[in-house]
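Novice:
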Amino acid sequence: MNSVLIGSAYVLAHVPDMVLHNGTTQTTEKIVNPDSEYLKKLPNHLRSYDDTLYYPPNQTYIGGITPKELGEIPSPWYNQKLDNADRFGKFGEIIPQEEFYLLMQACDAFDLVMLEAEFVSKTKPQFEKHPLFDESITARVKAGVEQAAIDAALSNGAEGLYSNNQIVGCVKKAHDLDVNLNAEVILENLVSKASCVLSLLHLTKNTAINKNEIDLVIDCSEEACGDMNQRGGGNMAKAAAEIAGFTNATGSDLRAFCAAPVHALIHAAALVKSGTYKNVVVAAGGSTAKLGMNGKDHVKKDLPVMEDVVGSFAVLISENDGINPEILSEYTGRHSVGSGSSPQAVITALVGDPLDKMAIKITDVDKYSVEMQNPDITKSAGAGDVPQANYKMIGALAVKRGELERTELGNFIKKHGMVGWAPTQGHIPSGIPYLGFAQQDIMDGHIKNCLFIGKGSLFLGRMTNLFDGCSIMIQKNGAKQGSQVTKEEAAISESEIKALIAETMREFANSLLK
Amino acid sequence: MENQKRVKEFSEQFGPENIVVILGAAEGEASGIAAETVTAGDPTYAGPLTGVSLGLKVYHICEEEIKAEVDAGVYDEQVSMMEMVLDLDEISKEMTTIREQYCKY
Numbered sequence: 016m017n018s019v020l021i022g023s024a025y026v027l028a029h030v031p032d033m034v035l036h037n038g039t040t041q042t043t044e045k046i047v048n049p050d051s052e053y054l055k056k057l058p059n060h061l062r063s064y065d066d067t068l069y070y071p072p073n074q075t076y077i078g079g080i081t082p083k084e085l086g087e088i089p090s091p092w093y094n095q096k097l098d099n100a101d102r103f104g105k106f107g108e109i110i111p112q113e114e115f116y117l118l119m120q121a122c123d124a125f126d127l128v129m130l131e132a133e134f135v136s137k138t139k140p141q142f143e144k145h146p147l148f149d150e151s152i153t154a155r156v157k158a159g160v161e162q163a164a165i166d167a168a169l170s171n172g173a174e175g176l177y178s179n180n181q182i183v184g185c186v187k188k189a190h191d192l193d194v195n196l197n198a199e200v201i202l203e204n205l206v207s208k209a210s211c212v213l214s215l216l217h218l219t220k221n222t223a224i225n226k227n228e229i230d231l232v233i234d235c236s237e238e239a240c241g242d243m244n245q246r247g248g249g250n251m252a253k254a255a256a257e258i259a260g261f262t263n264a265t266g267s268d269l270r271a272f273c274a275a276p277v278h279a280l281i282h283a284a285a286l287v288k289s290g291t292y293k294n295v296v297v298a299a300g301g302s303t304a305k306l307g308m309n310g311k312d313h314v315k316k317d318l319p320v321m322e323d324v325v326g327s328f329a330v331l332i333s334e335n336d337g338i339n340p341e342i343l344s345e346y347t348g349r350h351s352v353g354s355g356s357s358p359q360a361v362i363t364a365l366v367g368d369p370l371d372k373m374a375i376k377i378t379d380v381d382k383y384s385v386e387m388q389n390p391d392i393t394k395s396a397g398a399g400d401v402p403q404a405n406y407k408m409i410g411a412l413a414v415k416r417g418e419l420e421r422t423e424l425g426n427f428i429k430k431h432g433m434v435g436w437a438p439t440q441g442h443i444p445s446g447i448p449y450l451g452f453a454q455q456d457i458m459d460g461h462i463k464n465c466l467f468i469g470k471g472s473l474f475l476g477r478m479t480n481l482f483d484g485c486s487i488m489i490q491k492n493g494a495k496q497g498s499q500v501t502k503e504e505a506a507i508s509e510s511e512i513k514a515l516i517a518e519t520m521r522e523f524a525n526s527l528l529k
Numbered sequence: 022m023e024n025q026k027r028v029k030e031f032s033e034q035f036g037p038e039n040i041v042v043i044l045g046a047a048e049g050e051a052s053g054i055a056a057e058t059v060t061a062g063d064p065t066y067a068g069p070l071t072g073v074s075l076g077l078k079v080y081h082i083c084e085e086e087i088k089a090e091v092d093a094g095v096y097d098e099q100v101s102m103m104e105m106v107l108d109l110d111e112i113s114k115e116m117t118t119i120r121e122q123y124c125k126y
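So the sequence lines, in the order shown, correspond to chains Z and B.
Numbering-wise (the numbering used here), the first sequence opens with residue 16 and increments by one.
Numbering-wise (the numbering used here), the second sequence opens with residue 22 and increments by one.
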């Protein structure tokens, strides 16, 4: 029996000060051009929490509005403000920076996060009101320290934590010499862990699963945690599961750049289907490094810096309950070592090949979830509309395969595609953002299936020039299509034949006895 | 950045007159910037080709000059799908403008 998608959670942390101090576009600029106009202008382009909250793509990410509703709002969206927006959406929330710092401390197991006493006393009452933070979380937030202690740590290699560009705390280095444990890396990893934990907590609420029943967490983020002897040793998954209170879960990390979430989904679906585990969570925290990645273009065009949020997600895959959408782990798309890197080769491997295995056409798939980057961010940085480019390629492949008239290309994109809404956090926009809505759309009968596609640029790690990607389909529980039908028919006829042979043999044996 | 470094190294190693740069960018603007980088120099002043005018021959894979050089079967298998997606006129216009302005060979 195929495993099923039980539920999803999506979280954003609004961290404008981290754009200034932790995004690599900015940290690099501070080294090579510390007096640049860009660095001077940047603070004036940061958005307030409310601006981020009412921003339509962000509300789509946490499930406040649907992708369809977002598509009906004229773009660009950076000038559009929703009439109503809540911190909490159907799938998760947008947590403000100050509360997020307290959550980072709650996730810190080595006394590395220091927060200033007054800042803590001002922020903690709000933090304690959070509906998902019980005492196991709130008790981990310490009373706070004097400013002098923070200053001393900062002069000894700590990274500052800022609010309105004022120091309110810091993350200390975890080793005097090891660059893998310096303050910058620890901060990056704690942000990833804390944002992941918040998604895990929302997932438990959204699915109503008993935390003790979760067997495994797979972390598919893009950070590496370890020391100088095992730089990417891990295990972010288990570290996050501990804080989230998944007492009976183990964990492991899966890394494959932006393709990792779909790889992880395939792993989870297969592990459940095989019976190894009953309940597997796929989760990832977000990246500080990518904050303000396209900030130079946004500032140049006098736009707000829209890469001011860290994204995270968590999804729960469980045994088939006969209700929730099935994950077809038998029919994955794989970009293999020999697939080739031209867009045509990639789309063929990720879309054409798995559909061929299922004996269905490109037009038989109701929705494609691709790299769902928010086009506000990418178009203004000269990188085009990423989801639209993907849909054009999938449509063009359908034309090449004779499954679509070329004149229908535009309609194909409208019908089988969506606008993008996810922040450009690498792995975060990669296929995964639509899982929550897909479950809802399938359950409500709006669509019957969806192909999730993840792609990754492996060359960034300088170990190979290869590209990567994989894909997997989810569909209405119990639905059969293409080769699934044929296979079942074949299975029935095989059993029928066996029964006929058995019957004949019995008759033959009986005739011998007579 | 890494590509700029490699183009510069190849150009020094084999001589700029012996190099043809083939682009696969998805848009006219992006093709134009890449073409300008390997001819006039990096217009964003960020990479190793800042202020270095190599003037290399540069084409987009979908331009007729290159298409004619490629085996039709391979082209169909590797590029024809993207041809449907790209704005070929815009790309060709950008590329021609850059070549006429900055190409030395």
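Virtual Cβ for every residue (Gly too), placed ideally from N, Cα, C.
Every value quoted in this text rests on a predicted model; they were computed, and no experiment measured them.
Against chain Z, does B:I112 count as a neighbour if the rule is that its beta carbon must be under 9 Å from one of theirs?
Specialist: For B:I112, the answer is no, since every Cβ of chain Z falls outside 9 Å of its Cβ.
Novice: Does the distance from the CB of Z:L331 to the CB of Z:V295 come in under 9 Å?
Specialist: A contact, by the Cβ cut-off of 9 Å.
Novice: Just checking, does the stretch 21-41 of chain Z make contact with the stretch 175-190 of chain Z on the three C-beta pairs under 8 Å criterion?
Specialist: Because the criterion of three Cβ pairs below 8 Å is met, the stretch 21-41 of chain Z and the stretch 175-190 of chain Z touch.
Novice: Does Z:P91 get closer than 9 Å to chain B when you measure Cβ to Cβ?
Specialist: Not an interface residue.
Novice: To the nearest angstrom, report how far apart Z:K415 and B:G94 are at their CA atoms.
Specialist: Rounded to whole angstroms, Z:K415 to B:G94 spans 14 Å at the Cα level.
Novice: Less than 9 Å between CB atoms is the rule here; does B:S101 satisfy it with respect to chain Z?
Specialist: So, interface residue.
Novice: CB-CB under 8 Å to Z:Y406, same chain, minus the five flanking residues each way: which ones, in chain order?
Specialist: Contacts found: Y383, V385, F427, I428, H431 and G432.
Novice: Do the stretch 98-110 of chain Z and the stretch 133-140 of chain Z make contact, defined as three or more Cβ pairs closer than 8 Å?
Specialist: No, the stretch 98-110 of chain Z does not touch the stretch 133-140 of chain Z.
Novice: Have a look at B:S74 and B:G53 and give me their C-alpha separation to the nearest angstrom.
Specialist: Using only the alpha carbons, I get a separation of about 15 Å.
Novice: Quick one: which unbroken beta strand (DSSP E) runs of 3-plus residues sit fully inside the stretch 27-72 of chain B? Chain order, please.
Specialist: Fully enclosed beta strand (DSSP E) runs of 3 or longer: 41-44.
Novice: Taking 8 Å as the cut-off, does the stretch 234-247 of chain Z touch the stretch 144-159 of chain Z (at least 3 CB pairs, one atom from each stretch)?
Specialist: Taking 8 Å as the limit for Cβ pairs, the verdict is that the stretch 234-247 of chain Z does not touch the stretch 144-159 of chain Z.
Novice: Leaving aside the five residues before and after Z:T222 along the sequence, list all residues of the same chain whose C-beta is less than 6 Å from its C-beta, in chain order.
Specialist: These residues qualify, in order along the chain: I21, G22 and L331.
Novice: Around the C-beta of Z:N464, are 16 or more other C-beta atoms found within 10 angstroms, so that it is buried, or is it exposed?
Specialist: Under this definition Z:N464 is a buried residue.
Novice: Inspect the beta-carbon positions of Z:V19 and Z:I392 and report whether they are closer than 9 Å.
Specialist: No, the pair does not count as a contact, with Cβ atoms beyond the cut-off.
Novice: Going by DSSP, which residues form a beta bridge with Z:M321?
Specialist: Note: Z:M321 sits in no beta bridge, so no partner.
Novice: Within 9 Å of any Cβ in chain B, is that where the Cβ of Z:K407 sits?
Specialist: Cβ-Cβ to chain B under 9 Å: yes for Z:K407.
Novice: In whole angstroms, what is the alpha-carbon distance linking Z:L231 and Z:A28?
Specialist: Approximately 25 Å, taken between the alpha carbons.
Novice: How many angstroms separate the CA atom of B:R27 from the CA atom of Z:T75?
Specialist: If you take the alpha carbons of B:R27 and Z:T75, they lie about 41 Å apart.
Novice: For Z:K174, which residues does DSSP report across the bridge?
Specialist: Lys is not the amino acid found at residue 174 of chain Z; the sequence shown has Glu there. Answer is Z:V186, bridged to Z:E174.
Novice: Taking Z:A255 as the reference, give the member of Z:F328, Z:N197, Z:P276 and Z:S63 with the closest Cα.
Specialist: When only C-alpha atoms are compared, the closest one is Z:F328.
Novice: Note down, in chain order, each residue of its chain lying with its Cβ closer than 7 Å to the Cβ of Z:M408, except the 5 sequence neighbours on either side.
Specialist: So the list reads P358 and I362, once near-sequence residues are dropped.
Novice: Helix or strand or just coil, what does DSSP make of B:Y80?
Specialist: In this structure, B:Y80 counts as strand in the three-state DSSP scheme.
Novice: Measure the beta-carbon distance from Z:A299 to Z:C211 and round it to whole angstroms, keeping in mind my assumption that it falls under 8 Å.
Specialist: The pair is a contact, with the Cβ atoms about 6 Å apart (cut-off 8 Å).
Novice: Can you give me the start and stop residues for the alpha helix (DSSP H) that Z:G310 sits inside?
Specialist: From DSSP, the alpha helix (DSSP H) with Z:G310 extends over G310 to K315.
Novice: Using a Cβ cut-off of 7 Å, which residues of the stretch 48-62 of chain B contact any Cβ in chain Z, in chain order?
Specialist: If the cut-off is 7 Å between Cβ atoms, the stretch 48-62 of chain B has E48, E50 and A51 near chain Z.
Novice: Listed in chain order, which residues of the stretch 349-375 of chain Z have Cβ atoms closer than 9 Å to some Cβ of chain B?
Specialist: Cβ contacts with chain B: G355, S357, P358, Q359, A360, I362 and T363.
Novice: Give me the Cβ distance between Z:E345 and Z:T439, rounded to the nearest whole Å; I'm assuming they're in contact under 8 Å.
Specialist: Not confirmed; about 33 Å, so no contact.
Novice: Tell whether a beta-carbon distance below 9 Å holds between Z:S236 and Z:G307.
Specialist: Not in contact: Z:S236 and Z:G307 (Cβ atoms no closer than 9 Å).
Novice: Less than 8 Å between C-beta atoms, sequence neighbours within five positions excluded: which residues of the same chain meet that for Z:T6?
Specialist: Given a span of 16 to 529 for chain Z in the structure shown, any question on residue 6 of chain Z remains unanswerable.
Novice: For the stretch 486-500 of chain Z against the stretch 450-470 of chain Z, do three or more pairs of beta-carbon atoms, one drawn from each stretch, fall closer than 8 Å, so that the two count as touching?
Specialist: Contact holds: three or more Cβ-Cβ distances are below 8 Å.
Novice: Cα separation between B:S113 and Z:H442?
Specialist: The straight-line gap from Cα to Cα measures roughly 34 Å.
Novice: Report yes if the C-beta distance between Z:G446 and Z:G469 is below 9 Å; otherwise report no.
Specialist: Contact flag set, yes.
Novice: Suppose the cutoff is 8 Å on Cβ atoms and the five residues either side in sequence are ignored; what does the same chain contact list for Z:E238 look like?
Specialist: Only E203, N204, S207, M251, G300 and S302 meet the Cβ criterion.
Novice: What is the C-beta distance between Z:I165 and Z:V186, in whole angstroms, given that I count them as a contact (C-beta under 8 Å)?
Specialist: About 11 Å; that fails the 8 Å criterion.
Novice: Counting only beta-carbon separations shorter than 9 Å, does Z:R246 have a partner in chain B?
Specialist: By this cut-off, Z:R246 is not an interface position.
Novice: List the residues of chain B that Z:A404 touches, going by C-beta distances under 8 Å, in chain order.
Specialist: Result: A47 and V106.
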